[in-house]
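**Q**
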Amino acid sequence: MRKPKKTVPNWQPEVRSDVNTQVRRYKLITPLYGGGVKAGEVDTVTPIRGTAVRGQLRFWWRAIRGGQFDGNLAKMKEKEDEIWGSASTPSQVSLVISYPDENSKQGSAFEAVDEHGRSKPIGDPASTTGYATFPLRDKEQNILEGISFVLNISFSETISEEVRAALWAWEHFGGIGARTRRGFGALECTQVDENGETLPLTLFTVANVKQKLIEEFETHCKGINFPDNIPYLPADLDQRIKIKRFSGDSSTNTWIKLVQALQTFRQERPQNRVQEGNRTFIRPGRNRWPEPDAIRDKVDEMDKVNKVKPRHRKYPKPLYSGGISKAPRAAFGLPILFEFKGEGTMPKVTLKGEKHDRFASPLILRPLACRDGKYVGLALILSGSDVSNLPSDLILEGVSNSPPIKSKLTQPEADQIAAKHSSYNGNIDILQAFLDSL
Numbered sequence: 123m124r125k126p127k128k129t130v131p132n133w134q135p136e137v138r139s140d141v142n143t144q145v146r147r148y149k150l151i152t153p154l155y156g157g158g159v160k161a162g163e164v165d166t167v168t169p170i171r172g173t174a175v176r177g178q179l180r181f182w183w184r185a186i187r188g189g190q191f192d193g194n195l196a197k198m199k200e201k202e203d204e205i206w207g208s209a210s211t212p213s214q215v216s217l218v219i220s221y222p223d224e225n226s227k228q229g230s231a232f233e234a235v236d237e238h239g240r241s242k243p244i245g246d247p248a249s250t251t252g253y254a255t256f257p258l259r260d261k262e263q264n265i266l267e268g269i270s271f272v273l274n275i276s277f278s279e280t281i282s283e284e285v286r287a288a289l290w291a292w293e294h295f296g297g298i299g300a301r302t303r304r305g306f307g308a309l310e311c312t313q314v315d316e317n318g319e320t321l322p323l324t325l326f327t328v329a330n331v332k333q334k335l336i337e338e339f340e341t342h343c344k345g346i347n348f349p350d351n352i353p354y355l356p357a358d359l360d361q362r363i364k365i366k367r368f369s370g371d372s373s374t375n376t377w378i379k380l381v382q383a384l385q386t387f388r389q390e391r392p393q394n395r396v397q398e399g400n401r402t403f404i405r406p407g408r409n410r411w412p413e414p415d416a417i418r419d420k421v422d423e424m425d426k427v428n429k430v431k432p433r434h435r436k437y438p439k440p441l442y443s444g445g446i447s448k449a450p451r452a453a454f455g456l457p458i459l460f461e462f463k464g465e466g467t468m469p470k471v472t473l474k475g476e477k478h479d480r481f482a483s484p485l486i487l488r489p490l491a492c493r494d495g496k497y498v499g500l501a502l503i504l505s506g507s508d509v510s511n512l513p514s515d516l517i518l519e520g521v522s523n524s525p526p527i528k529s530k531l532t533q534p535e536a537d538q539i540a541a542k543h544s545s546y547n548g549n550i551d552i553l554q555a556f557l558d559s560l
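Here the sequence shown is numbered in our numbering, starting from 123 and rising by one per residue.
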């Protein structure tokens with residue numbers, strides 16, 4: 123006899139006068155990468171996990187409400203645990219994830235293409251999303267799109283402002299799954315029902331989106347004295363956020379254009395036209411940032427100490443007068459892997475912290491929904507997270523003795539780079555310089 127299928131009953135909100143109960147409907151406007159129990163993998167049974175949503179809300183609560191404790195980390199953590207729960211404290215926020223239907227839960231495989239529309243593996247450098255999906259270059263993993271879900275959330279009136287602020291920040295700047303700071307798993311809230319009544323949504327226009335974001339941020343933010351090393355939304359949000367309208371209004375197109383803008387800024391090099399017989403093609407030239415030459419110089423220096431025969435250098439002459447032994451692109455996040463193709467025995471080198479392998483990028487890129495089905499690109503720099511404030515030196519792992527290297531440019535060094543880099547304006551704040559380039 124066939125066993126009946128098990129079904130999960132729809133979550134029914136309990137209506138109480140002292141509790142706010144919301145049913146918030148979302149759709150993902152960029153592909154979902156990771157988010158499952160295993161790192162970097164989508165869970166096909168529960169693609170959106172309640173624990174992941176709670177983790178996102180905790181993070182964004184700290185980022186927008188963590189400045190109300192005069193920089194005291196212990197006090198902030200006490201309030202955080204009171205709201206969101208801890209190993210010894212139950213959460214005051216109840217949340218359950220459900221799905222409108224099976225198709226919304228399963229989504230569909232995201233198909234990557236190159237600039238000519240030809241199908242490519244998701245991690246292929248030639249795909250339009252290849253720069254954002256570089257961790258997948260040697261892997262076969264599901265990247266899903268078209269997922270919708272419902273967040274059923276309830277919280278007491280006493281913490282209403284705290285929870286609403288976290289929800290607002292998560293929906294506008296965050297996402298779900300892995301690599302959300304590079305735009306994966308970006309959200310669009312499509313409907314909110316509170317205590318049985320549908321609330322009006324306040325979608326921005328393309329023209330007023332930045333102004334409205336700043337106004338709503340000022341409403342939700344509380345305090346400006348954050349504990350050390352806590353990423354947070356900056357008080358000068360108008361200076362640390364950039365809104366960009368790209369041709370083509372789809373969310374995916376907007377996301378891809380943002381990622382490509384970052385790739386151009388970080389990897390600019392001359393495009394040299396080369397003629398070989400009857401064939402003409404473009405061969406990228408020398409990277410305009412100083413890290414490759416700085417690494418070559420460090421390798422040469424250590425080879426002399428170790429009495430090793432000098433190695434072949436693809437570019438024997440320095441790009442910049444006097445050399446610039448800095449790694450400014452560390453500001454975008456660590457680690458960074460450098461490979462020197464065509465340079466014989468040059469080692470693979472990893473730029474990382476001496477005691478911290480990873481440093482999460484303070485830069486957030488994602489599309490943001492506006493009225494009439496339009497989308498804008500959003501770039502935001504979080505405060506409280508600066509590579510120059512890491513508690514240990516940056517090192518070049520792979521070079522003999524892992525020598526240290528600094529990231530911060532001097533103004534004369536920045537001016538030299540700007541003279542050769544068409545999209546870099548010479549600002550020694552590299553993240554701000556990227557925003558300026560958009």
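Cβ coordinates follow ideal geometry from the N, Cα and C atoms, glycine included.
Identify the continuous alpha helix (DSSP H) that holds F556 and give its terminal residues.
**A** Taken as a continuous stretch (DSSP letters only), the alpha helix (DSSP H) holding F556 covers I552 to S559.
**Q** When DSSP labels each residue in this structure, what does V285 get in the three-state scheme?
**A** Here V285 sits in helix by DSSP.
**Q** From Y148 to Y221, what does the alpha carbon distance come to, in whole angstroms?
**A** Between Y148 and Y221, the C-alpha separation is close to 10 angstroms.
**Q** Hey, would you say N409 sits closer than 9 angstroms to S278, going by beta carbons?
**A** Not in contact: N409 and S278 (Cβ atoms no closer than 9 angstroms).
**Q** Which term fits N511, buried or exposed, when burial requires 16 or more other beta carbons within 10 angstroms of its beta carbon?
**A** With fewer than 16 Cβ atoms within 10 Å of its Cβ, N511 is classed as exposed.
**Q** According to DSSP, is R304 part of a helix, a strand, or is it coil?
**A** Here R304 sits in helix by DSSP.
**Q** Put I269 into one of helix, strand or coil per three-state DSSP.
**A** If DSSP states are grouped into helix, strand and coil, I269 belongs with coil.
**Q** Who are A274's beta bridge partners in DSSP?
**A** Sequence inspection shows Asn at residue 274; the Ala mentioned does not correspond to that position. In DSSP, N274 forms a bridge with V145 and V218.
**Q** What residues are listed by DSSP as bridge partners for K316?
**A** In the sequence on display, residue 316 carries Glu and not Lys. Answer is Q144 and E319.
**Q** Return the first residue and the last residue of the beta strand (DSSP E) that G172 is part of.
**A** Not the beta strand (DSSP E): G172 falls in the alpha helix (DSSP H), residues G172 to R187.
**Q** Would T152 be called buried (16 or more neighbouring beta carbons within 10 Å of its own) or exposed?
**A** When all chains shown are included, T152 counts as buried.
**Q** What does a CB cutoff of less than 6 angstroms around K127 pick up in its chain, not counting 5 residues either side in sequence?
**A** Low confidence applies to K127: its pLDDT is 43, below 50, so where it sits in the model is not reliable, and the reading given next is rough at best. Excluding residues within five positions, none has a Cβ falling inside 6 angstroms.
**Q** Can you check DSSP and say which residues form a bridge with F348?
**A** Paired residue(s): none; F348 is not in a bridge.
**Q** Tell me which residues share the same chain as T376 and place their Cβ nearer than 6 angstroms to its Cβ, disregarding the 5 neighbours each side in the sequence.
**A** Cβ within range, chain order: F368, P489, Y497 and G499.
**Q** Go ahead and pull the three-state DSSP assignment for K528.
**A** Strand, per DSSP.
**Q** Spell out a yes or no on whether the region 281-288 and the region 221-233 are touching, meaning 3 or more CB-CB pairs, one atom from each, closer than 8 angstroms.
**A** The region 281-288 is not in contact with the region 221-233.
**Q** A288: which of P457, V521 and R176 sits nearest, CA to CA?
**A** The option with the nearest alpha carbon to A288 is R176.
**Q** Specify, as a first and last residue, the run of the beta strand (DSSP E) that F460 falls within.
**A** F460 -> beta strand (DSSP E) spans I458 to F460.
**Q** When you compare only the Cα positions, how much space is there between H342 and V285?
**A** Between H342 and V285, the C-alpha separation is close to 10 angstroms.
**Q** I'd like to check one pair, T250 with V235: are the Cβ atoms closer than 9 angstroms?
**A** Yes, these two residues count as a Cβ contact at 9 angstroms.
**Q** Under the DSSP definition of a beta bridge, which residues are partnered with E310?
**A** In the DSSP output, where bridge partners are listed per residue, E310 has K149.
**Q** Reducing DSSP to helix, strand and coil, say where F481 ends up.
**A** Looking at F481 - three-state DSSP - the assignment turns out to be strand.
**Q** Leaving out five residues before and five after I517 in sequence, what residues of the same chain have Cβ atoms less than 6 angstroms from its Cβ?
**A** Excluding residues within five positions, the ones whose Cβ falls inside 6 angstroms are E476, S524 and P526.
**Q** Would DSSP call E202 helix, strand or coil?
**A** Three-state result, E202: helix.
**Q** For V521, which residues from the same chain have a beta carbon less than 8 angstroms from its beta carbon, with the 5 sequence-adjacent residues on both sides left out?
**A** Correct list, in chain order: I417, K420, V421, M424, P469 and V471.
**Q** Could you give the first and the last residue of the continuous alpha helix (DSSP H) run that contains R435?
**A** Careful: R435 lies outside any alpha helix (DSSP H) and carries neither H nor E.
**Q** Going straight from the alpha carbon of D360 to that of K426, what length do you get?
**A** Their backbone Cα atoms lie some 50 angstroms apart in a straight line.
**Q** With S216 and S270 assumed to form a contact (beta carbons below 8 angstroms), what rounded beta-carbon distance in angstroms separates them?
**A** Wrong, their Cβ atoms sit about 21 angstroms apart, outside the cutoff.
**Q** Rounded to the nearest angstrom, what separates R81 and E267 at their Cα positions?
**A** No answer is possible for residue 81: the residues shown for the chain start at 123 and end at 560.
**Q** Give me the residue from D371, Q538 and H434 with the minimum Cα distance to G444.
**A** The residue with the shortest Cα to Cα distance from G444 is Q538.
**Q** Using DSSP with H/G/I as helix, E/B as strand and the rest coil, what is T402?
**A** Reduced to three states, the DSSP call for T402 is strand.
**Q** Under 9 angstroms between the Cβ atoms of G188 and Y354?
**A** Result yes, Cβ atoms of G188 and Y354 sit closer than 9 angstroms.
**Q** Between L459 and the ligand ADP, is the CB less than 8 angstroms from at least one heavy atom?
**A** With respect to the ligand ADP, the structure shown offers nothing to examine, as it has no ligands at all.
**Q** For the alpha helix (DSSP H) that A254 lies in, which residues bound it at each end?
**A** From DSSP, A254 is part of no alpha helix (DSSP H); its letter is neither H nor E.
**Q** Measuring straight from C-alpha to C-alpha, what distance separates N264 and A501?
**A** C-alpha separation (whole angstroms): 26 angstroms.
**Q** For my contact list, S529 and A449 are in at a C-beta cut-off of 8 angstroms; report their separation, rounded to the angstrom.
**A** Correct: roughly 5 angstroms between the Cβ atoms.
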